[in-house]
Each structure stands twice: as structure tokens, then as C-alpha cells.
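Residue numbers (our numbering), protein chains in the order written: chain A, 1 to 114; chain B, 1001 to 1120.
Where is the CB? At the ideal position from N, CA and C, for every residue including glycine.
Notes follow once the structure below has been shown.
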Amino acid sequence: DAGVIQSPRHEVTEMGQEVTLRCKPISGHDYLFWYRQTMMRGLELLIYFNNNVPIDDSGMPEDRFSAKMPNASFSTLKIQPSEPRDSAVYFCASSYGGPTDTQYFGPGTRLTVL
Amino acid sequence: AQKVTQAQTEISVVEKEDVTLDCVYETRDTTYYLFWYKQPPSGELVFLIRRNSFDEQNEISGRYSWNFQKSTSSFNFTITASQVVDSAVYFCALSDHINAGGTSYGKLTFGQGTILTVHP
């Protein structure tokens, strides 16, 4: 079975541009999570979905960040406008049973905002 | 609020040495789950183990073993006879548990990670 798929793997953009990160969860997993990893803050949860519905978005930094899950096999994380402090690795993860179940992570998207 | 502390920022060992990575957690919940993940230099996060708060049995998987002690709120990870391929960042994580209306609520909180370097 394919694992969690993320695209792009690397993204370099200029400040002010819109960035869209994409994720395909493991088939059959009802929960999808977006995390951000930085040196300063470590791994932090941004938002998670259950059956395509956002459950907890308290980790979303600010209104420039938005996430959607239009169907069970696709989610996006959008940053508009991007800023240099958004530079990080963004991980998508999925699980069958929620935050307490094993979360399987994608390879991550390394975002650099110049 | 829950918290995970990995006090060892970096550990350096020589191949074949045993090494223990410490993890101490804080939570008010009686039901919770503990995890270890490995992040090799390639960057992906690899799941290693999941343990619930009611199961204090230690676990061994090959060269890996885990010691869960509820009395000290610790969930330590030992690698026996370390190898160069074990070099990675290791994360301990904690998730609480609330189930309401068929939806699982909670949050996976990660420690800051321990960088393990195994020298040949």
C-alpha cells in the first residue's frame, strides 16, 4: 500500500506569493493531520480533519493559513500571502482512529520563502 | 496541558554501544498514548511504537526496547548494540484521548527530539 503522499517535496517562493501544499492520505484512514516542523518550535500540529471535516484548527498560526479537505483522498494547506517566517517543513499525516491512533507521516514539503 | 520532555538534546556513541533515550511526560488524563518516532537524515518521520497508559509491560523489538514507568511518568527507549544506521533524531510524543459523538479528539504533542549519532 502506498503511504501518505505529499507534493511538492520542495518549494521555493518569494514573500507575498501564494503557496499550496498537497496531501493524499492512506486509503481508508479517516483522519488527516497537518504539522509544521521548525528548529525553534519543533513539531507542532496545525489542523486535523475527520471524514473531511476540520476538527481542531487551533494550531493554525494566523489567517494567512487555510486548509481544506474536499474529499477523502485529498487535502491542501494554503499560505497566502507567504512570509519568510513560514519557512519550515510541513508534514501531512493520516490515521485510522484519530489523534491517539498511530499517525503515518508523509515525506514532508520543505518550504522556503525568500 | 500535556508536555513531553526529552532532556538529552544530543547523544554520541560508538557503534555496538547500548544507548538509552529518555522521555518524561506530563498529563492530567488517565487515558493517554505514548509514541516514539524516528527521523533519519532523509527527513521522514518513521513510527516505532505506540503504548497506551494502561499497558505498562516493557516491549522489545529486535535491538529496540521500551521501558514504560507510570510512577515516574517516563517512557524510555533503549537501542542495544547500536549501529550507524540508527543515527537519527528520535521523538517521543504523547496524545490524550477524548471520544465524543464518534469523533476522536486530542492532540499529539512531541518532545523536542534527541539527536543520536552513532560513530563507526
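Item, Value
"Could you work out which residues of chain B lie near A:F105, taking near to mean beta carbons separated by less than 7 Å?", "E1044, L1045"
"Out of B:Y1037, B:T1027, B:T1080, which has the shortest C-alpha to C-alpha gap to B:Y1090?", "B:Y1037"
"What are the residues that DSSP puts in a beta bridge with A:P81?", "Bridge partners of A:P81: none, in fact."
"Please confirm whether A:A93 and A:Y35 have their CB atoms less than 9 Å apart.", "yes"
"With distances taken from CA atoms, which of A:E44, A:P84, A:Y90 is nearest A:Q17?", "A:P84"
"Count the other CB atoms, across all protein chains shown, that sit within 10 Å of the CB of A:M69; report buried if there are 16 or more and exposed otherwise.", "buried"
"Might you give, ordered along the chain, the residues of its own chain that have their beta carbon closer than 8 Å to the beta carbon of B:P1041, omitting 5 neighbours on each side?", "S1087, A1088"
"Where do the ends of the beta strand (DSSP E) carrying B:D945 lie?", "Residue 945 of chain B lies beyond the stretch modelled for chain B, which goes from 1001 to 1120, so this question has no answer here."
"Counting only beta-carbon separations shorter than 9 Å, does A:P99 have a partner in chain B?", "yes"
"Taking 9 Å as the threshold (beta carbon to beta carbon), is B:L1108 in contact with chain A?", "yes"
"Give a yes or no on whether 9 Å exceeds the smallest Cβ distance from A:F33 to chain B.", "yes"
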